[in-house]
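Below: the structure, in structure tokens.
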Amino acid sequence: MISLARALELLDKSAIRHRTEVVSLVEASGRYLAESVRATFDIPPFSKSAMDGYAVRSEDVRELDASLKVSGIVAAGARSDVPLRVGEAIQIMTGAPVPEGADQVVRVEYSHRDGDYVSFDSKERSTNIIAQGENAAIGEVLLDPRRLRPHDVGVAASVGHGSLSVYSKPVLGIISTGDELREPGEDHEPGTIFNSNAYQLHCQAEAVGYRVKYFGIAKDTAESLNEKIAAALDTVDVLVLSGGVSKGAFDYVPAVLETVNVREVFHRISVKPGRPTYFGIRTNGDRTQYVFGLPGNPVSTFVMFELFVHRLLRLMCGLAPELPPLVATLGESISRNDTERTELIPVMLEGDTLTPVRYGGSSHLNALSRANALIEIPLGSPGPQKGERVNARPI
Ligand code: AMP
Ligand code: MG
């Protein structure tokens with residue numbers, strides 16, 4: 006058995022960058038950016054007005070009753086070729102270039118217009134001018150590799166990108182294993198268990214950016230497993246199996262994987278939940294496929310996906326393996342007797358306080374619905390104390 010830290014290190018070493026593709030802007034949200042987006046010009050490209058109003062020389066409006074002659078008007082998108090002369094104002098719209106000679110825009114709400122003349126009844130505190138290059142200088146990196154959010158797409162569009170280079174979505178296959186499993190929607194016969202893992206995994210995988218294929222339930226026989234695994238490995242980049250990796254009499258998954266040339270990287274980790282977790286790799290020419298055998302208890306499946314399968318995607322897409330943790334204060338002490346494993350515990354984060362939720366172990370799936378984060382108790386620690394600052398991973 007290896008430590009969680011060692012297992013993560015082995016995963017990191019195995020991960021290879023995925024291929025990239027070019028997509029349109031509207032397809033780019035939620036995708037992993039594979040290039041850096043730079044400012045293709047100064048932003049803004051010229052000094053522009055932040056208000057509808059009048060471009061003035063601030064010294065000309067020092068006295069509130071000063072009346073200025075309006076010598077012109079400049080709209081957004083127009084050029085301002087005429088400089089502003091002493092004692093004059095030029096009417097200006099939001100986004101329009103500020104005329105040479107002006108150092109302030111007084112908003113229209115403060116103005117009194119009388120024919121060709123304007124005066125102001127309040128003073129502006131700010132210049133209301135956004136200077137050329139104030140937001141970004143030409144060549145500055147605006148977006149480094151990241152998972153794109155809608156506002157990131159906006160930034161790319163604002164500097165003229167019509168499309169973006171992103172990592173292709175790795176295809177993730179799901180196989181549930183277990184003779185006892187029935188699909189949700191079927192009758193609940195005695196002794197059967199609804200297959201919750203496949204749907205939970207499907208949603209977890211799509212939420213982080215995999216493309217998902219579901220291959221159904223394999224029976225606990227070598228033949229059934231072999232058939233489903235072989236079909237999945239024909240197409241997927243990443244295969245996630247749930248169940249069948251423990252030490253039970255019918256846990257055939259690792260043995261069957263060996264027969265289809267999947268090389269074991271690790272099997273069994275000192276982590277709770279998730280001890281039986283299996284990870285292997287199949288390489289064929291320049292194709293690498295990754296296989297996870299996750300223990301079937303639904304909390305284990307969930308947590309191991311968060312720790313390993315999400316991490317693999319981030320690495321395949323050129324990112325650091327983990328998002329930075331949240332740090333908050335523990336509201337209640339947690340104590341444990343078994344300190345031999347790294348343990349992940351579901352907690353509720355409200356404000357700055359983390360409170361453990363009622364949790365009975367890896368089959369207690371509905372405990373996760375009362376939690377919004379996981380905290381990690383390190384190997385050897387009897388548990389963190391009330392008031393301690395601890396790292397939490399949002400779920
Ligand atoms: P296993 O890892 O196959 O030994 O399964 C451990 C426990 O998880 C057993 O109680 C299984 O019935 C349950 N289990 C296995 N697969 C699933 C699944 N797909 N959905 C819900 N529970 C499962
Ligand atoms: Mg099973």
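Residue numbers (this note's numbering): 6 to 400.
Virtual Cβ for every residue (Gly too), placed ideally from N, Cα, C.
Is residue i near the ligand AMP, in the sense that its beta carbon is under 6 angstroms from a heavy atom of that ligand?
i	result
residue 274	no
residue 361	no
residue 248	yes
residue 300	yes
residue 251	yes
residue 377	no
residue 200	yes
Could you tell me the alpha carbon to alpha carbon distance between residue i and residue j, rounded to whole angstroms?
i	j	result
residue 324	residue 36	12 angstroms
residue 387	residue 341	5 angstroms
residue 87	residue 113	21 angstroms
residue 136	residue 127	23 angstroms
residue 264	residue 270	15 angstroms
residue 19	residue 51	49 angstroms
residue 274	residue 15	12 angstroms
residue 206	residue 352	20 angstroms
residue 365	residue 280	16 angstroms
residue 344	residue 278	13 angstroms
residue 319	residue 132	44 angstroms
residue 212	residue 233	24 angstroms
residue 107	residue 46	23 angstroms
residue 109	residue 60	6 angstroms
residue 96	residue 164	28 angstroms
Considering just the uninterrupted stretch of the alpha helix (DSSP H) at residue i, what are its terminal residues?
i	result
residue 319	315-321
residue 3	Beyond the ends of the chain as shown, which are 6 and 400, falls residue 3; an answer cannot be given.
residue 264	258-264
residue 14	9-19
residue 361	Run containing residue 361: none in the alpha helix (DSSP H); it sits in the beta strand (DSSP E), 358-361.
On the CB-based measure, 16 or more other CB atoms within 10 Å of its CB, does residue i come out buried or exposed?
i	result
residue 196	exposed
residue 142	exposed
residue 190	exposed
residue 338	exposed
residue 240	exposed
residue 85	buried
residue 289	exposed
residue 122	exposed
Is any beta-carbon of chain C found at less than 7 angstroms from that of residue i?
i	result
residue 391	This model lacks chain C altogether; it includes just one protein chain.
Could you spell out where the beta strand (DSSP E) holding residue i opens and where it closes?
i	result
residue 226	Where residue 226 is concerned, there is no enclosing beta strand (DSSP E), given that its DSSP letter is neither H nor E.
residue 159	Careful: residue 159 lies outside any beta strand (DSSP E), inside the alpha helix (DSSP H) at 155-163.
residue 296	292-299
residue 399	394-399
residue 282	That residue, residue 282, is in no beta strand (DSSP E); it is neither H nor E in DSSP.
Cβ of residue i within 6 angstroms of any heavy atom in the ligand MG?
i	result
residue 221	no
residue 279	no
residue 196	no
residue 183	yes
Taking 6 angstroms as the cut-off, is the beta-carbon of residue i closer than that to any non-hydrogen atom of the ligand FAD?
i	result
residue 303	Within the structure as shown, the ligand FAD is missing, the only ligands being the ligand AMP and the ligand MG.
Ordered list of beta strand (DSSP E) runs contained in the stretch 323-351, each at least 3 residues: 331-335
Which parts of the stretch 94-133 are runs of the beta strand (DSSP E), unbroken and 3 residues or longer, counting only runs that do not cross its ends? 109-112, 116-119, 122-125
Those runs of the beta strand (DSSP E) which lie wholly inside the stretch 15-77 and span at least 3 residues: 25-29, 58-61
Only counting runs of 3 or more residues, tell me where the beta strand (DSSP E) segments fall wholly within the stretch 161-245, in order along the chain. 168-172, 176-182, 216-223
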